[in-house]
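As numbered in my numbering, residues 192 to 474 make up the sequence shown, in order.
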Amino acid sequence: MFNFFANIFGYLLNFIYSFVNNYGIAIIIFTVILKLIMLPISIKQQKTMKKSAKLQIKVKEIQEKYSNDQVRQSQEMMDLYKKENMSPFSGCLSSIIQFIIILSVFYLVSKPLTYMKHVDPTVLDNYATEIAESSQDAMRYREISIIKEKGSVDESVNLNMNFLGLDLSDVPTQNYKEWKVYVIPGLYVITSIFSTSLTMNANKKSKEEKEVEKEKVEQGDKPKEADAMEEMNKQMKFMMPFMTVSIALIAPLGLALYWFVSNLLMICERLVINKVVKDEEEE
192 MFNFFANIFG YLLNFIYSFV NNYGIAIIIF TVILKLIMLP ISIKQQKTMK
242 KSAKLQIKVK EIQEKYSNDQ VRQSQEMMDL YKKENMSPFS GCLSSIIQFI
292 IILSVFYLVS KPLTYMKHVD PTVLDNYATE IAESSQDAMR YREISIIKEK
342 GSVDESVNLN MNFLGLDLSD VPTQNYKEWK VYVIPGLYVI TSIFSTSLTM
392 NANKKSKEEK EVEKEKVEQG DKPKEADAME EMNKQMKFMM PFMTVSIALI
442 APLGLALYWF VSNLLMICER LVINKVVKDE EEE
């Protein structure tokens, strides 16, 4: 499945590259186009997140009221979501799509000669055999190694990966002594933290919900398991940027550039959508 989408993305990326003749610029334009395609889903997801956050008070009331009757609790929850025209799994589709895109783009930037340039596999095998004496790390991404070693003598395996003085074919863990390889992953981490903060602010508890919880604590009620799970989710959201940057450090810089640009667009997207949703609520 990931090969299928990587192949489709490759045709689009190669089409863009044929006009700009720069891998970095092509990735930026590709990311913008992909974001525009995903925009309707993102808008729906953002509205769902807002609506779901408001439902949490009613959800917790049901959980507490029917804590000893799981069947009734489940039925009441289903009735609530049905009444509000929502599904408890409404965010799953968007997450699945994003997961597919992330892995497909990873396939694409790892094997640009296969998915983007569509070079004959026999040619790639022959070149790989010629440079087999290189280190194992260099051959971890054999198509990146082929571009570096043979791109200057064979146009069919050549890609202009010079972007603002950075070589997007570089892998940070293989070029760890070169400080430039950390620029894009570093920017990605910064934008990820900011993006995560926006998400958490969008999902923060309402004043009414906080007052209800404060009152229960004063009455001696212990925090519910759901609250502990919510706190864990918050920690995971902050950990995710650092988990994903570990992937960016072992992948060609083209992937980190895609993630960085995607984060910038996501931040702009969320700011605009939050404003639109807020205005709709006030009306």
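Backbone N, C-alpha and C define an ideal beta-carbon position, used for all residues, glycine too.
Query                                                                                                                                                                       : Result
Counting only runs that start and end within the segment 261 to 325, where is the alpha helix (DSSP H) found for 4 or more residues in a row?                               : 261 to 274, 283 to 301, 303 to 306 and 312 to 321
Please confirm if the segment 454 to 465 is in contact with the segment 215 to 232, defined as three or more CB-CB distances below 8 Å between the two stretches.           : yes
Comparing alpha-carbon positions, which option in Ile216, Tyr208, Lys251 and Phe200 lies nearest Ile228?                                                                    : Phe200
Suppose the cutoff is 7 Å on Cβ atoms and the five residues either side in sequence are ignored; what does the same chain contact list for Arg263 look like?                : Tyr257
Taking its Cβ as the centre, do 16 or more other Cβ atoms sit within 10 Å of Trp379, making it buried, or is it exposed?                                                    : First, the residue type needs correcting, since residue 379 is Tyr and not Trp in the sequence shown. Its Cβ being crowded by 16 or more others within 10 Å, Tyr379 is buried.
Taking the alpha helix (DSSP H) that Ala197 falls in, what are its first and last residues?                                                                                 : Phe193 to Val211
Assign Leu355 to one of two classes, buried (16 or more other C-beta atoms within 10 Å of its C-beta) or exposed (fewer than that).                                         : exposed
With respect to the alpha helix (DSSP H) encompassing Ser336, which residues constitute its N-terminal and C-terminal limits?                                               : Arg333 to Lys341
Hey, is the segment 236 to 245 in contact with the segment 343 to 350, meaning 3+ C-beta pairs nearer than 8 Å?                                                             : no
Drop a sphere of 10 angstroms on the beta-carbon of Thr320, count the other beta-carbons inside from all chains shown, and report buried for 16 or more, exposed for fewer. : exposed
Across which residues does DSSP place Asp358 in a beta bridge pair?                                                                                                         : Asn353
Do you know how far the Cα of Ser286 is from the Cα of Leu230?                                                                                                              : 14 Å
How many angstroms separate the CA atom of Leu359 from the CA atom of Glu460?                                                                                               : 26 Å
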